[in-house]
């Protein structure tokens, strides 16, 4: 079990890095002619203000993506299950090696979305969001702004971690209330002894 | 520092080493049992879908940790350093009991034919396929001892291919779950001979431990109620109870010291505080698993054995085997899932031998209960892996799917090996294991045949859609790792004699899967346990006669 990461106080370093990131995003937004920066156009969602790894903008974008990977219908989706919190926690723990992939990937995701769909991801209709995600999945997305990971690799990472967050145990931050187990009709918590095989 | 001498130092408290510790300490020998991991029970990770022996997305549930890297070959000549959660590492486990804490606990005896593969089939080009220097009949009493001392629930009355046995099982077999009942009827219609899988798991209370409650978690996890039988809750506690066995956990063995007369003097290791220690002993037993045992021997260089203990003819670490798992998944219109664990209940042995044009085969059994996360990753190539389609598939098919699969007996390959990396060292400065080579192409021919049989069985059981799973050529041993220090009568083509004694080093023995000449078409643990008793028996005989001191 990895050490639980402390809720990160916003260090001066982190704040500076964040500003640099957002600055870069703004510049890219102008350069692509898509109008406005990530900061100005991003529609804010009601997400908790503090994360271990993500800043609020990254988190808001990731919530939008994960919700398309496992959408809410008549059973809970990724947002309900707290997938974002799973990923956020693991990036300060078992998945720390993927920190740079998320930092760069989310930035490039946003830029590519502006370039391809002419709007921030959050503002797209659900079917347009899925269309954009399928473009990344296909490996045919423009590579401008991407290096490591590639769009396809980043998409696979997102799917992988979203599934972990949705189907893993709640103690890692996702699968809130055993949402996925309930969706599958698995008794939760499992009542020990209930399943004792009848001796035949 | 040099510690007070003992009669025996054993490296590795797994399936083999745990048994040797009990047998020798009960015989009155003083034993030090070194284990690189610690005690890992249910309390550590519980039923964590992401940290267990099947899924190590967030870490290994039963060790080792990242201080134990290995090097693995990707494309030929391309080496990369990997950790225990990475592909290509070939991890089994590192804790007291090793894989027996978390295994699915199938308790197979190999068949008589499995000990005579070369005589029966001849070696294919590029394989070192050979007969064992022991027969099934030699090991039969030791299989029986393993079944009764560790504890097996089984019933072979409906398996005509079961090898002869002097005595039945100590516990009645587990009943079939819903999958088992569907598959039993289908197997009979196909003319097959289904039978309940023998399990190292209590079907009734046995030797002071609980009966299984049929929870949905089993393979990959420590048992919550101690109903699964491993060496950690049977022979190792028995060894400790003798007062003659000192178990030292978090002890990292680095070298067997071999003197100028070619005798083992003891084992150098790092203790839990990373202090260098030397444990002198009259004899040394290595039970580290096929990969780590080979590594320790190769790292034990001496004047007489400059390329490693027992490695005079370059056979240490060769012929690494695992199992080429082959099978099929079937989707069903009706629910097949009844939430009764462990899930795997039924098998057939019709395809272990006698398959036209093939050397050996595999048993086929239904799979343990799949975790929802595992199921989310098991999709036909064209199926959606995300979005509403993913959810719909999960909701509809999680309880309407079955897997049937089997461990294909591999043809040993001399270049499939565990040796020692010339540059990469672990946390303690010990050169790490380096894994390379591939399995034999014939294994894939067998796998295709076995997968087709699995698919046919599922279809007969009513599957509306099936797909087969065929392994690739890449092979790193994994939990069924075996074969790296094969036993044999010819010192030029084997590492130990038929008693597990390393050729030319009279007081150095091995007791684990590394001894296997071939690995059977079955899960190998009961054979490793039987060998533990077999090797112990011959050590005790030698000790009584004074030849080992």
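Residue numbers (this note's numbering), protein chains in the order written: chain A, 1 to 200; chain B, 1001 to 1549. For glycine and all other residues, C-beta sits at the position ideal for the given N, C-alpha and C.
- [ ] Please state if the CB of residue 1505 (chain B) and the CB of residue 1264 (chain B) are separated by a distance shorter than 8 Å.
- [x] The answer is yes: Cβ separation under 8 Å.
- [ ] Enumerate in chain order the residues of its own chain whose CB-to-CB distance from residue 162 (chain A) is below 7 Å, with the five nearest sequence positions on each side excluded.
- [x] Hits under 7 Å: 66, 69, 70, 78, 83.
Task: Straight-line gap, residue 1423 (chain B) to residue 1093 (chain B) (C-alpha atoms, nearest Å) - done: Answer to the nearest angstrom: the Cα atoms are 24 Å apart.
Open item on the list: When you compare the CB positions of residue 1369 (chain B) and residue 1486 (chain B), do they come within less than 8 Å of one another, or not?
Closed with: No; because the gap between Cβ atoms is not below 8 Å, this pair is not in contact.
Open item on the list: Using a Cβ distance threshold of 8 Å, determine whether the region 1402-1410 of chain B contacts the region 1317-1324 of chain B, with at least three qualifying pairs required.
Closed with: With the cut-off at 8 Å, the region 1402-1410 of chain B and the region 1317-1324 of chain B touch.
Task: Exposed unless 16 or more other CB atoms sit within 10 angstroms - verdict on residue 1471 (chain B) - done: By the 16-neighbour rule on beta-carbons within 10 angstroms, residue 1471 (chain B) is buried.
TODO: Please list the partners that residue 1373 (chain B) has in chain A, where partner means a Cβ-to-Cβ separation under 7 Å.
DONE: The contacting residues are 163, 164, 167, 168.
Open item on the list: Here's the rule I'm using: 16 or more other beta-carbon atoms within 10 Å means buried, otherwise exposed. How should residue 1117 (chain B) be labelled?
Closed with: Around the Cβ of residue 1117 (chain B), a 10 Å sphere holds 16 or more other Cβ atoms; the residue is buried.
Open item on the list: Run through the DSSP bridge pairs and tell me what residue 1266 (chain B) is partnered with.
Closed with: Its beta-bridge partners are B:1257, B:1280.
Open item on the list: Quick check on residue 177 (chain A): does DSSP put it in helix, strand or coil?
Closed with: In the structure shown, residue 177 (chain A) sits in a helix (DSSP, three-state: H, G or I).
Task: Ordered list of beta strand (DSSP E) runs contained in the region 1349-1382 of chain B, each at least 3 residues - done: Along the region 1349-1382 of chain B, the beta strand (DSSP E) occurs as fully enclosed runs of 3 or more residues at 1364-1366, listed in sequence order.
Open item on the list: Distance cutoff 8 Å, beta carbons only. Does residue 1246 (chain B) sit that close to anything in chain A?
Closed with: Judged by the 8 Å Cβ criterion, residue 1246 (chain B) is not in contact with chain A.
TODO: With 8 Å as the threshold, decide whether the Cβ of residue 178 (chain A) is near any Cβ in chain B.
DONE: It does not: the Cβ of residue 178 (chain A) has no partner Cβ on chain B nearer than 8 Å.
Task: Contact check, residue 1180 (chain B) vs residue 1346 (chain B), beta carbons under 8 Å - done: It is a contact, given that the beta carbons lie within the stated cut-off.
Task: Nearest neighbour of residue 1071 (chain B), chosen from B:1362, B:1083, B:1224 [CA to CA] - done: Among B:1362, B:1083, B:1224, the Cα nearest to that of residue 1071 (chain B) belongs to B:1083.
Task: For residue 1338 (chain B), the nearest candidate out of B:1122, B:1182, B:1235, B:1041 (CA to CA) - done: For the residues B:1122, B:1182, B:1235, B:1041, the minimum Cα distance to residue 1338 (chain B) belongs to B:1182.
Task: Contact set for residue 1478 (chain B): own chain, Cβ-Cβ below 6 Å, skip 5 residues either direction - done: The beta carbon of residue 1478 (chain B) lies closer than 6 Å to those of 1090, 1322 in the same chain, with the five residues before and after it left out.
Open item on the list: 8 Å is my cut-off, CB to CB: does residue 1387 (chain B) come that close to chain A?
Closed with: Yes, contact with chain A.
Open item on the list: Going by the DSSP bridge assignment, what does residue 70 (chain A) pair with across the sheet?
Closed with: DSSP output for residue 70 (chain A) lists no bridge partner at all.
TODO: Would you give the residue range spanned by the beta strand (DSSP E) that residue 1402 (chain B) belongs to?
DONE: Bounds of the beta strand (DSSP E) holding residue 1402 (chain B) are 1401-1408.
Task: For residue 1371 (chain B) and residue 1049 (chain B), believed in contact at Cβ under 8 Å, the rounded distance - done: Right, the Cβ-Cβ distance comes to about 5 Å (below 8 Å), so this counts as a contact.
TODO: Closer than 9 Å, Cβ to Cβ, to anything on chain B: give me those residues from the region 62-83 of chain A, in chain order.
DONE: Those residues of the region 62-83 of chain A that come within reach of chain B (Cβ to Cβ, closer than 9 Å) are 68, 69, 70, 71, 73, 75, 77.
- [ ] Work out the CA separation of residue 1199 (chain B) and residue 95 (chain A) for me, nearest whole Å.
- [x] The alpha-carbon atoms of residue 95 (chain A) and residue 1199 (chain B) are separated by roughly 36 Å.
- [ ] Mind checking who residue 1321 (chain B) pairs with in its DSSP beta bridge?
- [x] B:1482.
Task: residue 90 (chain A) at chain D interface by Cβ criterion, 8 Å - done: Protein chains in the displayed structure are A and B, and chain D is not among them.
Open item on the list: Strictly under 8 Å for the Cβ-Cβ distance: is residue 1390 (chain B) near chain A by that measure?
Closed with: By this cut-off, residue 1390 (chain B) is an interface position.
Open item on the list: Would you say residue 51 (chain A) lies against chain B (beta-carbon separation less than 8 Å)?
Closed with: False, the Cβ-Cβ gap to chain B never drops below 8 Å.
Task: Members of the region 1192-1224 of chain B near chain A, C-beta cut-off 9 Å - done: The residues in question are 1203, 1204, 1211, 1212, 1213, 1214, 1215, 1216, 1217, 1224.
Open item on the list: For residue 1080 (chain B) and residue 1313 (chain B), I'd like the C-alpha separation in whole angstroms.
Closed with: If I take the Cα positions, the gap works out to 27 Å.
Open item on the list: Given a cut-off of 8 Å on the beta-carbon distance, is the pair residue 1532 (chain B) and residue 1511 (chain B) in contact?
Closed with: Yes; because the gap between Cβ atoms is below 8 Å, this pair is in contact.
Task: Inter-stretch contact at 8 Å, needing at least 3 Cβ pairs: the region 1223-1235 of chain B / the region 1382-1389 of chain B - done: No contact exists between the region 1223-1235 of chain B and the region 1382-1389 of chain B.
Task: Unbroken stretches of the beta strand (DSSP E), 3 residues or longer, contained in the region 1005-1056 of chain B - done: When DSSP assignments are scanned along the region 1005-1056 of chain B, the uninterrupted stretches of beta strand (DSSP E) that are 3 or more residues long and fall wholly within it turn out to be 1006-1011, 1031-1034.
Task: Burial state of residue 1001 (chain B) (16 or more Cβ within 10 Å) - done: Exposed.
Open item on the list: Using 8 Å as the threshold, is the C-beta distance between residue 1468 (chain B) and residue 1494 (chain B) below it?
Closed with: No, they are not a contact pair.
TODO: Check residue 190 (chain A) in the structure and name its three-state DSSP category.
DONE: Looking at residue 190 (chain A) - three-state DSSP - the assignment turns out to be coil, as it is neither helix nor strand.
- [ ] Name, in chain order, the residues that DSSP records as bridge partners for residue 1438 (chain B).
- [x] According to DSSP, residue pairing for residue 1438 (chain B) in a beta bridge involves B:1474.
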